[in-house]
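A.B. asks: Structure below; questions to follow.
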Amino acid sequence: MEYQRFLKYFCLLVLSVYLFYLLVTDGYIDTLESLTIPFITSFNIFDSSTENSLIINQGNNSIFELSSITNQFGIRFSDYYPHLPIHIFTQNLSLIGNTSKLILLGNGFFGDRNWRLGPLDKSSTEKMTALYCPFLSNHCDITTDYNRFSEADAIVYHMVDDFDQNRAKQNRHSKQRFVFALWEPPPITRSLRSYNQFFNWTMTYRFNSHIITSYYSENAYIHKSSPFYQLMLNENSTRKLNWKIRKADYQPSDEILQKKKLGIAAALISNCHGTSQRLAFIKKLKRYIDVKVYGRCGESCPSNKNCREFIAENYYFLLSFESSLCLDYTRNNSIFELPSITNQFETRFFDYYPHLPIHIFTQNLSLIGNASKLILLGNGFFGDRHWRLGPLNESSTEKMTALYCPFLSNHCDITTDYNRFSEADAIVYHMVDDFDQDLAKKKRHSKQRFVFTLWESPAHTRNLESFNQFFNWTMTYRFNSHIITSYYSQYGYIHKSSPFYRLMLNENSTRKLNWKIRKVDYRPSDEILQKKKLGIAAALISNCGAPSQRLPFIQELKRYIDVKVYGRCGESCPSNMDCREFIAENYYFLLSFENSLCLEYTTEKFFATLEYPVVPVVLGRTNYSHFIPPSGYIDTNQFSTMSSLARYLNQTRYDKEKYLSYFSWKKDYVWGLSQFFTPFCDLCLRLHLDSKPNIIGNIHKWWFDGSCQAGHVLP
Numbered sequence: 001m002e003y004q005r006f007l008k009y010f011c012l013l014v015l016s017v018y019l020f021y022l023l024v025t026d027g028y029i030d031t032l033e034s035l036t037i038p039f040i041t042s043f044n045i046f047d048s049s050t051e052n053s054l055i056i057n058q059g060n061n062s063i064f065e066l067s068s069i070t071n072q073f074g075i076r077f078s079d080y081y082p083h084l085p086i087h088i089f090t091q092n093l094s095l096i097g098n099t100s101k102l103i104l105l106g107n108g109f110f111g112d113r114n115w116r117l118g119p120l121d122k123s124s125t126e127k128m129t130a131l132y133c134p135f136l137s138n139h140c141d142i143t144t145d146y147n148r149f150s151e152a153d154a155i156v157y158h159m160v161d162d163f164d165q166n167r168a169k170q171n172r173h174s175k176q177r178f179v180f181a182l183w184e185p186p187p188i189t190r191s192l193r194s195y196n197q198f199f200n201w202t203m204t205y206r207f208n209s210h211i212i213t214s215y216y217s218e219n220a221y222i223h224k225s226s227p228f229y230q231l232m233l234n235e236n237s238t239r240k241l242n243w244k245i246r247k248a249d250y251q252p253s254d255e256i257l258q259k260k261k262l263g264i265a266a267a268l269i270s271n272c273h274g275t276s277q278r279l280a281f282i283k284k285l286k287r288y289i290d291v292k293v294y295g296r297c298g299e300s301c302p303s304n305k306n307c308r309e310f311i312a313e314n315y316y317f318l319l320s321f322e323s324s325l326c327l328d329y330t331r332n333n334s335i336f337e338l339p340s341i342t343n344q345f346e347t348r349f350f351d352y353y354p355h356l357p358i359h360i361f362t363q364n365l366s367l368i369g370n371a372s373k374l375i376l377l378g379n380g381f382f383g384d385r386h387w388r389l390g391p392l393n394e395s396s397t398e399k400m401t402a403l404y405c406p407f408l409s410n411h412c413d414i415t416t417d418y419n420r421f422s423e424a425d426a427i428v429y430h431m432v433d434d435f436d437q438d439l440a441k442k443k444r445h446s447k448q449r450f451v452f453t454l455w456e457s458p459a460h461t462r463n464l465e466s467f468n469q470f471f472n473w474t475m476t477y478r479f480n481s482h483i484i485t486s487y488y489s490q491y492g493y494i495h496k497s498s499p500f501y502r503l504m505l506n507e508n509s510t511r512k513l514n515w516k517i518r519k520v521d522y523r524p525s526d527e528i529l530q531k532k533k534l535g536i537a538a539a540l541i542s543n544c545g546a547p548s549q550r551l552p553f554i555q556e557l558k559r560y561i562d563v564k565v566y567g568r569c570g571e572s573c574p575s576n577m578d579c580r581e582f583i584a585e586n587y588y589f590l591l592s593f594e595n596s597l598c599l600e601y602t603t604e605k606f607f608a609t610l611e612y613p614v615v616p617v618v619l620g621r622t623n624y625s626h627f628i629p630p631s632g633y634i635d636t637n638q639f640s641t642m643s644s645l646a647r648y649l650n651q652t653r654y655d656k657e658k659y660l661s662y663f664s665w666k667k668d669y670v671w672g673l674s675q676f677f678t679p680f681c682d683l684c685l686r687l688h689l690d691s692k693p694n695i696i697g698n699i700h701k702w703w704f705d706g707s708c709q710a711g712h713v714l715p
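In our numbering, the protein residues as written are 1 to 715.
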């Protein structure tokens, strides 16, 4: 039985605050002769000799001396509080009395000052009910108001976000609990040596924490015979909370078992560099059984299926391997608690934020609050100081709307005024244009994000070694960037069934933005096909010395079929026509070959072709199915010889149904609203939601190593 979110860690914190005082009064803590609070004196969560165990040296760690309890999992725990949240409901809540305790959120939670708990200006009853803790609704209040520091019974610090430790030490009093909170494992945690003798309690996923924050809280199964289950049913009924309880029987039927035909096991992995070596483990396992990997580190799942659902239907085992082998670290797939989403490119992404800008719309934007962030354009963009964004002297609302980001219109401003450097939350540098790096280093402060921005490939990029330890975030076309700048933004198709499309329609309508949406079906008519008389294929090329060797490739292809080259490296198009439009009208295939074979480098050569009734043939180092279904293009990488490629193009040109099948995907897509994918929209959101410290140690290596390969001609 699944009952999500009832096991809320703030419930445990509330109860802990109460019972500590209660038991001190009754003499349960024999190491305390007064109201002196036990401190965590040795803070070492990294010690390899203890298998990454957290060492806590404090008088009596079994503070509450609770009797042994068999929890809902049938596992026995003893002398340990609180273990898992089931323990809340074994207590006699009448002992608490009528007083109320105050919990202060001492800093942010991944940049969110309200810890993604929703508005905290409600009554304490509303807040505690919203936190799935209604039975304590009159007993605690939660606030972010730092002016109430002296009133607070507990101050919770999230150790990913910064806070003023010295100020906290000066303001604390003897009865307060300072709470160490973390959801992340030790490999990605800052040094904690300066926090010895600072905290009283821990609130993490580890079982030896004072309060458990387990990801289990969000996806829990509870035994139906447990008193916890009975309590939940009672709370749900008497308080009319309308919480959902799933009682479905998940034992596979014979029909389900018969469908498991794709293989024995599969994994869903998108962080390809986890410290657990899970990909190496799977590679070795493949020597003995068939194992498939899905996600960013493997194949894409079908567009109409949740990826886990797809694996469950077709495989017997799902390899649920963690990215880090840390004690008790068991998580869901995202620290941001985002649901798994099939994005508009028909590709699944996990373990990575923000991936592509679709993730903006999975966030609860109310979490951002009323604060505004300032983005400074630190230099020019191909010589244009305004980055081709139009006048930047307008209001922030006008600017963000012009950037196709109206839903964040009051939350960010963009400027080119270098005098506002000290105010800026992010300074964006385009690495094609020059800027004064030494001046930037002198003026920067610790909370600013320096953003590395590029639309060009590594093959056309300057040496970056002097910029190591300089940047915090990346904003490029690469999928592992912090913000994605893809050329798709100007030419993209959006699936009509996606929530993203529905959001765009709503934004367009309610804000009266007058954005144009094209619903034209680009499947070529017989009339269009009859006009294609100049030849089979053509290319549009103006850089004649590109490292991809596309011109030698075309020269070899010409030995088998007729191919025309237009642009600076070939013939001129008619003066009264757009060159792509001319090729689309007169040829069956447009050779959309990139000038560089660099990882994920995909430009308008591919995207702009999608607007026209012609089939793109691609030469690049990209999985183009990230952008459109594989049935919409022909990839030269799928052919071993030039003659086989030429033969396929020739056969497809004469097979009408086969040729038209390359356009069938467009009936489910619309074109023209993809401007919503502005990277500045994504940058704005990230500034609000991601406050984790980050320095890119070796930007040169990140950008260049393994990025590009030499061009080649098929034999």
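By construction, the Cβ of each residue, glycine as well, lies at the ideal position given by its N, Cα and C atoms.
For His411, count neighbouring Cβ atoms within 10 angstroms of its own Cβ and tell me buried if that reaches 16, exposed if not.
C.D. replies: It is buried - the Cβ of His411 has at least 16 other Cβ atoms within 10 Å.
A.B. asks: Return the residue from the list His712, Lys531 and Phe452 that minimises the CA-CA distance to Arg550.
C.D. replies: Nearest of His712, Lys531 and Phe452 to Arg550, Cα basis: His712.
A.B. asks: For Glu309, count neighbouring Cβ atoms within 10 angstroms of its own Cβ and tell me buried if that reaches 16, exposed if not.
C.D. replies: Looking at its Cβ environment, which holds fewer than 16 other Cβ atoms inside 10 Å, Glu309 is exposed.
A.B. asks: For Ile695, which residues in the same chain have their Cβ closer than 7 angstroms to its Cβ, ignoring the five residues on either side in sequence?
C.D. replies: Result list for Ile695: Gln469 and Asn472, in chain order.
A.B. asks: With which residues is Phe163 paired in a DSSP beta bridge?
C.D. replies: None, per the DSSP bridge assignment.
A.B. asks: Give the single residue among Ala152, Asn586, Pro252 and Pro185 whose Cα lies nearest to the Cα of Gln176.
C.D. replies: Of the candidates Ala152, Asn586, Pro252 and Pro185, the one whose C-alpha sits nearest the C-alpha of Gln176 is Ala152.
A.B. asks: Any idea what DSSP makes of Thr202, helix, strand or coil?
C.D. replies: Strand, per DSSP.
A.B. asks: Report yes if the CB atom of Ala371 is closer than 9 angstroms to the CB atom of Ile311, and no otherwise.
C.D. replies: No, these two residues do not count as a Cβ contact at 9 angstroms.
A.B. asks: Who are the Cβ neighbours of Asp438 in its own chain at under 8 angstroms, not counting the five residues just before and after it?
C.D. replies: Within the same chain, Asp438 has no close Cβ partners at all.
A.B. asks: Count the other CB atoms within 10 Å of the CB of Leu610; is the residue buried (16 or more) or exposed (fewer)?
C.D. replies: Result: buried.
A.B. asks: Within a Cβ cutoff of 6 angstroms, which residues of the same chain sit near Ala433, ignoring the five residues on either side of it in sequence?
C.D. replies: Strictly speaking, residue 433 in this sequence is Asp, with Ala absent from that position. Within the same chain, Asp433 has close Cβ partners Asn379 and Gly380.
A.B. asks: How long is the line joining the alpha carbons of Gln709 and Tyr146, rounded to whole angstroms?
C.D. replies: Their backbone Cα atoms lie some 54 angstroms apart in a straight line.
A.B. asks: With respect to the alpha helix (DSSP H) encompassing Pro616, which residues constitute its N-terminal and C-terminal limits?
C.D. replies: Per DSSP, Pro616 belongs to no alpha helix (DSSP H); it is in the beta strand (DSSP E), Val615 to Leu619.
A.B. asks: So Leu689 packs on Phe317, CB below 8 angstroms; how close in whole Å?
C.D. replies: Not confirmed; about 35 angstroms, so no contact.
A.B. asks: If you measure from the beta carbon of Tyr294 to each beta carbon in chain B, is any gap under 9 angstroms?
C.D. replies: Any reference to chain B falls outside this structure, which holds one protein chain only.
A.B. asks: If you check the beta carbons only, do Ile103 and Ala168 fall under 9 angstroms apart?
C.D. replies: No, Cβ-Cβ distance for Ile103 and Ala168 is not below 9 angstroms.
A.B. asks: Could you spell out where the alpha helix (DSSP H) holding Lys605 opens and where it closes?
C.D. replies: Its alpha helix (DSSP H) spans residues Glu604 to Phe607.
A.B. asks: By how many angstroms is the C-alpha of His139 removed from the C-alpha of Thr727?
C.D. replies: Outside the modelled stretch of the chain, which goes from 1 to 715, sits residue 727, for which no answer is possible.
A.B. asks: CA-CA distance, Phe627 and Phe198?
C.D. replies: Using only the alpha carbons, I get a separation of about 50 angstroms.
A.B. asks: Use the C-beta contact count for Gln651: other C-beta atoms within 10 angstroms, 16 or more gives buried, fewer gives exposed.
C.D. replies: Its Cβ having fewer than 16 others within 10 Å, Gln651 is exposed.
A.B. asks: Label His430 either buried or exposed according to how many other C-beta atoms from any shown protein chain fall within 10 Å of its C-beta, with 16 as the threshold for buried.
C.D. replies: Answer is buried; the Cβ neighbour count reaches 16.
A.B. asks: Sort out for me which residues DSSP pairs Trp473 with in a bridge.
C.D. replies: According to DSSP, which records beta bridges pairwise, Trp473 is partnered with Val451.
A.B. asks: Could you give the first and the last residue of the continuous alpha helix (DSSP H) run that contains His700?
C.D. replies: It spans Ile699 to Phe704 - the alpha helix (DSSP H) in which His700 sits, taken as one unbroken run.
A.B. asks: To the nearest angstrom, how far is it from the Cα of Ser674 to the Cα of His495?
C.D. replies: In this predicted model, Ser674 has a pLDDT of only 48, less than 50, meaning its place in the structure is not dependable enough to derive any value.
A.B. asks: For Leu630, which option in Asn304, Phe382, Lys442 and Trp665 has the closest C-alpha, if you only look at C-alpha atoms?
C.D. replies: A small fix is needed here, since residue 630 is Pro in this sequence, not Leu. With distances taken between Cα atoms, Pro630 lies closest to Trp665.
A.B. asks: So, at 8 angstroms on beta carbons, what are the nonlocal neighbours of Tyr587 in its own chain, with the 5 sequence-adjacent residues on each side left out?
C.D. replies: Cβ neighbours of Tyr587 beyond the five flanking positions: Lys532, Leu534, Gly535, Ile536, Ala537, Ala538, Lys564 and Val614.
A.B. asks: Candidates Tyr612, Ser640, Ala608 and Thr603: which alpha carbon is nearest Thr622's?
C.D. replies: Of the listed residues, the one whose Cα sits closest to Thr622 is Thr603.
A.B. asks: Hey, Ser276 and Phe207: beta-carbon distance below 9 angstroms or not?
C.D. replies: No.
A.B. asks: At what residues does the beta strand (DSSP E) containing His158 begin and finish?
C.D. replies: Element bounds for His158: Ala154 to His158.
A.B. asks: Given a threshold of 16 other Cβ atoms within 10 Å of its Cβ, counted over all protein chains shown, does Glu594 qualify as buried or as exposed?
C.D. replies: Counting Cβ neighbours within 10 Å, Glu594 comes out buried, since at least 16 surround it.
A.B. asks: Going by Cα to Cα distance, which pick from His273, Gly295, Ile256 and Val293 is closest to Asn314?
C.D. replies: If we check each option's Cα against that of Asn314, Ile256 comes out closest.
A.B. asks: Got a sec? Which residues, its chain only, sit under 6 angstroms from Tyr659 by beta carbon, not counting five neighbours each side?
C.D. replies: Here the set comprises Thr652.
A.B. asks: Give me the residue from Ser661, Ser596, Ser446 and Glu556 with the minimum Cα distance to Pro715.
C.D. replies: Residue Glu556 is the option with its Cα nearest to Pro715.
A.B. asks: Excluding the 5 residues flanking Lys259 on each side, which residues of the same chain have their C-beta closer than 8 angstroms to its C-beta?
C.D. replies: Cβ neighbours of Lys259 beyond the five flanking positions: Glu313 and Asn314.
A.B. asks: Out of curiosity, what's the CA-to-CA distance linking Tyr566 and Arg462?
C.D. replies: Distance between the alpha carbons of Tyr566 and Arg462: 30 angstroms.
A.B. asks: What's the C-alpha gap between Arg444 and Val618?
C.D. replies: Those two C-alpha atoms are separated by around 43 angstroms.
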